[in-house]
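J.: Here the protein sequences come in this chain order: A, B, C and D.
Taking my numbering, I'd label the letters of the first sequence as residues 42 to 477.
Taking my numbering, I'd label the letters of the second sequence as residues 42 to 477.
Taking my numbering, I'd label the letters of the third sequence as residues 42 to 477.
Taking my numbering, I'd label the letters of the fourth sequence as residues 42 to 477.
Quick reminder that beta carbons are idealized off the backbone N, C-alpha and C, glycines included.
Quick caveat: nothing in here was measured; it's all calculated off a predicted structure.
Sending over a structure as structure tokens; questions will come in a sec.
There are 4 protein chains.
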Amino acid sequence: MSKAADSILKHLKVQRQKQRAILKMRLRCAQGGFEFEQLDTFYRAIRPYLCVAQFFGIMPLSNLLSRNPQDVKFKVISISLGVTGLFLLLGGIKTLVGANVIFNAGLNAKNMVGLVFLIVGIINWLNFVGFARSWSHIMLPWSSLDILMLFPPYKRCKRSLRSRVNLVVISVFCFAIGDHVLYYASGYRSYSMHIRQCQTNHSRITFEHYLEKEFSDIMFLLPCNMFSVCYGFWLNGSFTFLWNFTDIFIVITSIGLAQRFQQFADRVLALEGRHVPDALWYDIRRDHIRLCELTSLVDDSMSNIVFVSCANNVYVICSQALAIFTKLRTPINYVYFWYSLIFLLARTSLVFMIASKIHDASLLPLKSLYLVPNGHWTQEVQRFSNQLTSEFVGLSGYRLYYLTRKSLFGMLATLVTYELMLLQMDAKSPKDLRCT
Amino acid sequence: MSKAADSILKHLKVQRQKQRAILKMRLRCAQGGFEFEQLDTFYRAIRPYLCVAQFFGIMPLSNLLSRNPQDVKFKVISISLGVTGLFLLLGGIKTLVGANVIFNAGLNAKNMVGLVFLIVGIINWLNFVGFARSWSHIMLPWSSLDILMLFPPYKRCKRSLRSRVNLVVISVFCFAIGDHVLYYASGYRSYSMHIRQCQTNHSRITFEHYLEKEFSDIMFLLPCNMFSVCYGFWLNGSFTFLWNFTDIFIVITSIGLAQRFQQFADRVLALEGRHVPDALWYDIRRDHIRLCELTSLVDDSMSNIVFVSCANNVYVICSQALAIFTKLRTPINYVYFWYSLIFLLARTSLVFMIASKIHDASLLPLKSLYLVPNGHWTQEVQRFSNQLTSEFVGLSGYRLYYLTRKSLFGMLATLVTYELMLLQMDAKSPKDLRCT
Amino acid sequence: MSKAADSILKHLKVQRQKQRAILKMRLRCAQGGFEFEQLDTFYRAIRPYLCVAQFFGIMPLSNLLSRNPQDVKFKVISISLGVTGLFLLLGGIKTLVGANVIFNAGLNAKNMVGLVFLIVGIINWLNFVGFARSWSHIMLPWSSLDILMLFPPYKRCKRSLRSRVNLVVISVFCFAIGDHVLYYASGYRSYSMHIRQCQTNHSRITFEHYLEKEFSDIMFLLPCNMFSVCYGFWLNGSFTFLWNFTDIFIVITSIGLAQRFQQFADRVLALEGRHVPDALWYDIRRDHIRLCELTSLVDDSMSNIVFVSCANNVYVICSQALAIFTKLRTPINYVYFWYSLIFLLARTSLVFMIASKIHDASLLPLKSLYLVPNGHWTQEVQRFSNQLTSEFVGLSGYRLYYLTRKSLFGMLATLVTYELMLLQMDAKSPKDLRCT
Amino acid sequence: MSKAADSILKHLKVQRQKQRAILKMRLRCAQGGFEFEQLDTFYRAIRPYLCVAQFFGIMPLSNLLSRNPQDVKFKVISISLGVTGLFLLLGGIKTLVGANVIFNAGLNAKNMVGLVFLIVGIINWLNFVGFARSWSHIMLPWSSLDILMLFPPYKRCKRSLRSRVNLVVISVFCFAIGDHVLYYASGYRSYSMHIRQCQTNHSRITFEHYLEKEFSDIMFLLPCNMFSVCYGFWLNGSFTFLWNFTDIFIVITSIGLAQRFQQFADRVLALEGRHVPDALWYDIRRDHIRLCELTSLVDDSMSNIVFVSCANNVYVICSQALAIFTKLRTPINYVYFWYSLIFLLARTSLVFMIASKIHDASLLPLKSLYLVPNGHWTQEVQRFSNQLTSEFVGLSGYRLYYLTRKSLFGMLATLVTYELMLLQMDAKSPKDLRCT
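Written out as structure tokens, the structure reads:
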């Protein structure tokens with residue numbers, strides 16, 4: 042496959058050179074009315090979030106402050122990669138300490154969850170470094186395609202890509218912050234209840250003592266003071282941010298691709314009822330191939346991110362589902378448990394639903410083709426119609442599965458079956474809230 | 042996708058205007074022989090059941106007494122919506138009381154069933170309000186298509202749509218009433234056996250005391266008298282009616298759509314062996330697109346109803362399946378248990394089998410096309426043939442799954458696998474009939 | 042769908058009339074060389090087995106001794122139907138007695154197996170009565186198609202249909218008889234071991250006492266003597282015969298259909314490299330449609346038999362699989378257990394593998410079409426090629442699933458998963474061989 | 042199907058004769074520059090590994106030292122088959138001894154693993170004998186196709202087939218040797234810990250005593266001395282070699298086929314933008330048919346090997362997965378357990394991933410066809426395009442399942458679901474490390 046990918050990349054290189062020429066020309070033309078920075082490109086939509094991600098060492102790219110996508114590159118010697126290295130180091134230490142504790146105590150289903158969370162975090166950081174390396178190979182053709190599709194004959198969308206992306210991202214992050222705050226609140230409440238029931242020394246029920254237990258893996262190496270507590274909060278927060286960012290990143294990419302397919306479908310729809318010469322159909326078909334090639338390029342680079350993200354989400358949902366019939370101690374535990382389970386399910390569904398729109402949008406022109414009158418139906422239209430149906434267009438996890446509604450349903454059905462089994466089994470086992 | 046839906050809706054709007062013109066013309070022509078009210082439209086078939094549903098606050102539409110589908114609209118200020126609001130209020134109170142009791146006792150697999158039943162009821166009422174809002178957008182194109190297909194070149198079906206619908210609905214409702222009566226009979230019998238075995242005070246074995254326990258969530262708020270018992274019966278009955286109506290509604294809609302596809306296939310079949318000009322094939326193809334667009338419109342509006350209905354049915358079947366190997370107290374318990382399990386399985390299968398007929402009927406013209414002789418095979422026929430096979434036509438649950446025989450089989454296979462697991466596990470646990 | 046089926050049947054009726062004319066003509070021509078009875082038709086291949094089946098009241102047809110398929114009809118007043126009625130009565134009594142015993146003892150996973158075996162038997166008898174009713178509708182077009190394909194341009198197969206069918210049927214029946222004998226041998230051995238371990242009165246260890254226990258449901262109604270023991274053997278044997286016959290019947294039908302598709306593919310292969318006029322392609326295409334229509338007709342009539350057979354086989358395999366890790370008493374028990382499990386698995390696989398050949402054979406002409414040279418590739422060939430790929434041809438269980446290799450794999454995968462679960466669970470439960 | 046296979050074989054025979062003629066001609070032409078032995082054929086790539094396999098009695102072919110594929114044949118009377126017979130005999134004795142021990146102790150999930158390993162080994166030896174019998178039927182068309190594709194118009198690949206195969210095989214074997222060594226190390230460590238904990242006689246903690254226990258099935262028949270220990274190592278090693286070789290063999294075959302499809306795709310890609318006459322398209326199409334026929338021939342002969350290999354791998358992975366939450370005694374046990382589990386998962390995934398490349402590569406020309414300009418799009422191209430999409434090309438297990446990424450995902454999903462169940466169940470059962 043590597044050879045095939047090579048030839049596709051070569052092919053794209055030639056195209057890119059052509060497109061760059063067009064790009065420059067267009068830019069010159071556009072000097073009067075538009076600035077390049079004001080065009081509603083995908084790069085413009087994702088840039089702010091990439092900047093934020095730099096603070097957490099995710100996707101180490103340099104020159105992100107520049108508004109020109111051609112300036113942004115992956116550099117081995119750069120501040121961004123240094124930050125990433127720092128996170129990998131500190132996260133790695135945390136993971137090793139955690140792993141050590143768990144293997145001493147004996148690995149089991151319950152304590153594995155925390156360890157998997159840390160390992161997945163480390164893998165995600167590495168995956169994003171990998172993606173950053175192929176960043177310029179992806180973003181240049183994408184940007185030129187964006188510019189191509191922001192001028193006639195393509196129509197702009199009513200709502201800009203940027204506003205769509207912002208809407209989704211900000212709402213997800215608000216819920217994620219709520220989730221993170223509830224995590225500490227619920228943890229503290231559980232801790233205090235636990236002390237009250239099982240120990241006589243009630244003086245330990247303070248938030249400080251709780252944090253000392255919560256960040257025990259850090260206190261293992263550092264003295265317990267204000268700084269190490271802040272460090273604990275910050276590292277925990279980074280892992281949580283990364284986890285959310287992974288899903289968010291897939292969502293943003295999907296919105297970006299789906300919007301272009303949507304515009305493409307709109308252009309074909311606008312031709313309805315008109316006489317369309319073969320040359321135009323050929324142009325349209327070329328644009329479609331270009332869009333599909335871009336999607337395939339993005340899919341190749343993102344496959345590992347998509348795979349890890351979905352696998353992890355399914356695992357965490359299953360782990361949570363184990364506890365559905367456990368009687369919890371306090372209302373705040375209930376609130377946190379259900380909030381985080383529903384938030385996770387919703388986020389996972391969101392990833393699948395939005396990613397599935399790429400494929401749905403890629404099939405939309407088919408309906409317009411049905412209405413082409415008989416006299417105008419030529420071989421070129423026939424080939425376009427075949428082309429539309431012959432291939433799957435969308436994101437996938439190493440092409441082992443595709444992000445479609447059908448996959449989501451399969452996943453949900455498996456979860457439900459699993460939950461039904463647990464339901465049956467847990468009904469028989471006694472609930473234990475003993476002091477351990 | 043919203044944009045695409047918009048453009049389809051616009052498109053349909055233009056078509057609808059044309060169709061309304063045709064409708065008026067046809068109506069004028071038809072004054073001699075037929076009255077509009079006597080045409081075998083889908084609206085005429087479903088109207089009586091919608092009128093009945095008004096009494097339970099389902100699908101709040103105003104002017105349902107009018108025989109003209111154009112008069113029926115969703116109005117915010119109307120008696121129907123008031124009734125719905127009343128049901129939502131009373132049902133909501135019942136649900137909250139029930140939830141409170143269960144969360145205090147600890148949620149488990151057994152007591153969850155009742156709570157889920159109530160919550161699903163509330164969601165269904167809201168879903169039907171949503172459907173009522175899009176009623177006029179669906180019913181106008183449907184009615185005009187109905188009128189179009191009730192005149193030549195389309196042939197009428199031998200059995201009218203109305204009689205088909207009536208047959209299915211009335212038989213299902215008879216079984217549903219039997220189920221509801223058996224529910225109380227079985228409940229009373231269990232209650233009396235329970236008292237006899239576990240308490241000394243046998244004076245409590247009266248139907249009144251049983252009802253007091255059965256409607257304990259109502260007696261929690263109201264004094265126990267004739268009125269509150271009637272109220273309990275009525276509210277319970279409403280939830281049960283709603284549950285059955287949801288499935289029935291999907292069945293009626295499916296029959297309505299399948300019949301039109303069937304008529305369409307008959308028309309194509311009638312052309313067999315004749316020379317058919319391209320213009321006629323184009324007309325036929327247009328009618329097919331129109332039918333598919335209607336189905337897709339209905340599917341979009343009904344997806345939530347279909348999804349909730351199937352999910353709930355599967356859940357209830359699984360819960361019931363848990364109890365297959367439980368030794369029950371009395372014959373009436375056995376009768377009720379098997380009757381309700383088989384009724385539920387049959388109703389769910391009916392929904393899938395009848396809904397799958399839409400897709401089956403949409404593929405029927407293909408067989409006729411195979412027999413078109415070589416000289417008459419033109420590009421237009423080729424396109425028609427491609428169009429028939431290229432898309433799925435039918436109802437779905439958010440396009441996560443489609444109502445087909447294959448989905449039904451998948452569901453049944455999962456149920457059987459689940460049952461096999463239970464069979465294995467229950468064989469080991471002791472059956473308990475102790476007094477709790 | 043009933044309307045569509047009607048129109049297909051009408052269509053077939055017209056065709057049949059034409060075919061009958063051809064049939065008569067051919068027969069007259071063939072007087073010199075061949076007798077009608079000596080033609081290698083499907084009817085000739087299946088007739089001996091149908092005659093045997095009459096003795097067990099399966100498929101009640103009259104005039105089966107005639108060699109002309111047109112004479113064989115389903116008659117309400119006939120000896121065959123009388124025999125069937127007798128079996129239904131006696132089998133029904135046995136089933137009711139068994140059900141009574143089980144419901145008194147409490148239904149569980151273990152004792153359910155025997156009851157299900159009896160109920161499935163009764164259902165199978167009824168299904169075959171249903172199939173017998175549609176016998177003449179199926180066998181007449183089939184026979185005429187058989188005759189059509191036994192003369193040029195179709196080539197005969199090297200091995201006759203009859204010899205193929207005989208080979209499969211006789212080998213399966215030999216294994217089935219072995220299974221039945223081992224059943225009694227293993228049962229008697231278990232019984233004697235049981236008595237020896239749990240009772241002091243060892244005089245009861247005789248074959249007579251074993252039979253008394255084995256046929257306890259019959260001894261419940263009749264006195265225990267030679268006659269009632271024979272009756273017990275005979276009724277048990279009939280149920281077992283019916284069970285095997287159901288699978289055998291599906292296999293025979295599949296062989297019959299697959300052979301015709303194979304001949305059809307051979308004919309298309311023979312045209313390779315030659316110039317074929319469009320008229321001939323049209324004839325070939327008509328023959329293919331005729332074959333597909335026949336398959337679809339057979340599938341419609343056999344769906345219930347296929348469904349019950351597969352469901353029952355899967356159920357029995359799963360029940361047997363429960364006992365894999367049980368420690369059995371004696372070697373003969375081991376032999377019987379593994380023999381019957383492997384026999385059952387092999388028989389079920391045979392049904393799927395042979396039935397899947399229909400579809401495989403229906404796709405064979407496609408390879409020949411690829412090699413049609415460019416100059417001879419016309420629209421007619423294109424349509425033939427599309428027709429071959431557009432539809433599924435084969436047997437199914439109510440079209441819920443199709444008898445294909447893929448379905449078999451799905452079934453096996455589910456069985457393996459199930460077995461893996463049991464493996465895990467049984468490892469923990471103690472094996473009990475206590476006296477019950 | 043046998044008839045169809047016959048006709049395909051006949052067809053291939055005719056082709057082979059033609060190809061042999063071409064082969065000879067080419068060889069004569071090539072005398073100047075290339076020796077036949079230096080051509081990068083599949084036979085040259087696999088020959089060294091087949092020679093090694095001879096020492097373990099796998100794939101008994103004679104004349105393997107010859108560099109001409111036409112000399113290599115399966116002979117009944119040959120040294121290779123004698124070696125195979127020896128292995129079957131010794132392996133059979135080992136298996137019977139093992140089976141005897143297990144059936145006496147009672148078959149259970151744990152001790153079954155070893156027995157299944159031995160039985161699968163025996164089956165694999167027999168399968169390879171079967172494959173060796175059809176060796177010359179496969180290798181002759183393959184070699185001629187290889188030679189055809191090593192000369193223009195086909196381009197050579199940058200990396201030779203031989204180096205690709207060597208890379209994969211050598212790295213897998215290195216890991217396999219590591220696995221085998223760890224097996225003994227971990228076994229010895231467990232043994233010594235066991236003795237130390239449960240017995241007082243610590244003098245038995247020597248490697249000799251461990252081997253005596255490890256090879257107890259051999260010591261059962263032979264006296265315990267140096268020779269029998271070596272024999273034990275050798276027989277164990279052979280079974281392990283066979284197990285790894287089976288997977289390796291599938292991988293090598295897949296690489297060989299995928300490379301040819303890749304070259305084919307490269308040739309089609311090279312035509313992009315040029316005017317291609319219909320005659321050339323026809324030639325290309327013929328080559329594609331030839332490649333597909335070869336793949337189908339290989340698939341038919343390898344189905345049993347593929348089926349047994351996958352089934353066994355899945356079974357062993359599941360068995361290993363059982364022990365994930367068992368607390369092991371020593372670090373070396375942990376290392377062995379995780380190393381062998383990950384090695385097995387990686388090897389199984391490798392088989393699927395590399396085999397799936399055949400299908401992926403077979404679809405590559407489609408992309409080039411999309412770019413054929415309108416004027417050059419003829420019926421021949423259309424047929425080629427249809428041909429590419431109409432069939433599945435690749436290896437399968439009896440066509441019950443295909444070696445694709447999708448199947449791999451299905452397998453992984455099932456494993457994960459299974460693991461989740463175990464996770465839940467094992468959490469409740471006590472870990473036992475008692476002396477047994």
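Classify SER244/B: buried if its beta carbon has 16 or more other beta carbons within 10 angstroms, exposed otherwise.
T.: exposed
J.: Could you tell me whether the segment 192-201 of chain C touches the segment 117-124 of chain C, using the rule of 3 or more Cβ pairs below 8 angstroms?
T.: no
J.: With a cut-off of 8 angstroms, do at least 3 Cβ pairs link the segment 147-157 of chain B to the segment 128-135 of chain B?
T.: no
J.: Count the other CB atoms within 10 Å of the CB of ALA362/C; is the residue buried (16 or more) or exposed (fewer)?
T.: buried
J.: Inspect the beta-carbon positions of PHE425/B and HIS316/B and report whether they are closer than 9 angstroms.
T.: Annotated as distal: PHE425/B and HIS316/B, with beta-carbon spacing of 9 angstroms or more.
J.: Leaving out the 5 sequence neighbours to the left and right, which residues in its chain are closer than 8 angstroms to TRP176/A when beta-carbon positions are compared?
T.: MET100, LEU102, VAL113, LYS114, PHE115
J.: Which runs of the alpha helix (DSSP H) spanning at least 4 residues fall entirely within the segment 233-303 of chain D, listed in chain order?
T.: 248-255, 257-260
J.: Helix, strand or coil, according to DSSP, for TYR443/B in the structure here?
T.: strand
J.: Are VAL434/D and ILE383/D closer than 9 angstroms when you measure CB to CB?
T.: no
J.: Please classify ASN168/A as buried or exposed, where buried requires at least 16 neighbouring CB atoms within 10 angstroms.
T.: By the neighbour-count criterion, in which 16 or more other beta carbons inside 10 Å mark a residue as buried, ASN168/A falls on the buried side.
J.: Can you pull the DSSP bridge partners for SER103/C?
T.: LYS114/C
J.: Give a yes or no on whether the minimum CB-CB distance between TYR411/A and chain B is below 9 angstroms.
T.: yes
J.: So is GLN300/D buried or exposed if we call it buried at 16+ other beta carbons inside 10 Å?
T.: buried
J.: How many Å lie between THR294/A and PRO372/D at the Cα?
T.: 44 angstroms
J.: Taking 8 angstroms as the threshold, find out whether the segment 203-215 of chain B comes into contact with the segment 231-238 of chain B through three or more Cβ pairs.
T.: no
J.: How is the alpha helix (DSSP H) around MET394/A delimited, first residue to last?
T.: Per DSSP, MET394/A belongs to the alpha helix (DSSP H) from 372-404.
J.: Smallest Cα separation from LEU186/B: which of PHE172/B, ASP319/B, PRO89/B, THR336/B?
T.: THR336/B
J.: Give, in chain order, every unbroken run of the alpha helix (DSSP H) that is at least 4 residues long and sits entirely within the segment 171-240 of chain D.
T.: 176-189, 202-239
J.: Measure the C-alpha to C-alpha separation of VAL422/D and LEU202/C and round it to an integer number of angstroms.
T.: 41 angstroms
J.: Comparing the C-beta of THR247/A with each C-beta of chain B, is any distance below 9 angstroms?
T.: The beta carbon of THR247/A does not come within 9 angstroms of any beta carbon belonging to chain B, so the residue lies off that interface.
J.: Candidates ARG308/C, THR389/C, ILE325/C, HIS417/C: which alpha carbon is nearest VAL347/C's?
T.: Of the listed residues, the one whose Cα sits closest to VAL347/C is THR389/C.
J.: Could you tell me the alpha carbon to alpha carbon distance between ARG440/C and LEU332/D, rounded to whole angstroms?
T.: About 35 angstroms.
J.: Since PHE441/A meets chain D, which of its residues come closer than 8 angstroms, beta carbon to beta carbon?
T.: According to the sequence shown, residue 441/A is Leu rather than Phe. ARG446, LYS447, LEU449, PHE450, LEU453, listed in chain order.
J.: Can you have a look at SER381/B and say buried or exposed, based on whether 16 or more other CB atoms are within 10 angstroms of its CB?
T.: Buried, by the Cβ-count rule.
J.: Using the Cα positions of LYS408/B and THR82/D, report the straight-line distance between them to the nearest angstrom.
T.: Pairing LYS408/B with THR82/D, the inter-Cα distance amounts to about 49 angstroms.
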